[in-house]
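Student: Starting off with a structure, shown below.
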Amino acid sequence: MKISILLKLIAVGVFQLIILLFLIYVSLAWYWEFPSAQTLSILTGAIFLVEIYLLLHYFKHHSILNKQL
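Residues in the sequence shown are numbered from 60 upward in steps of one, following our numbering.
Here is the structure:
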């Protein structure tokens with residue numbers, strides 16, 4: 060039970076780190092006006108959405124398992 064809570068906290072920490080990296084990359088791309096700033100923004104946005112999907116799937120799966128126990 061305690062390991063499950065620890066894994067959830069780690070997942071939330073990783074999720075927050077990904078959000079922070081996303082914001083840093085986009086702000087640097089706009090600040091330095093890279094030629095591919097729009098491409099970089101779209102790519103990091105897509106990675107961000109995939110991470111949200113994976114985390115939601117993880118939490119949904121584990122909450123169903125916890126209810127069955």
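Heads up, the beta-carbon is just placed ideally off N, CA and C, and yes, glycines get one too.
Excluding five sequence neighbours on each side, which residues of the same chain lie with their C-beta closer than 7 Å to the C-beta of Ser37?
Tutor: Since the first and last residues shown for the chain are 60 and 128, residue 37 lies out of range.
Student: When the distance is taken between beta carbons, is Thr103 closer than 8 Å to Phe74?
Tutor: Going by C-beta atoms, Phe74 is not nearer than 8 Å to Thr103.
Student: Grab me the residues of Ile106's own chain with a C-beta within less than 8 Å of its C-beta, minus the 5 sequence neighbours each way, in chain order.
Tutor: Cβ neighbours of Ile106 beyond the five flanking positions: Ile77 and Phe81.
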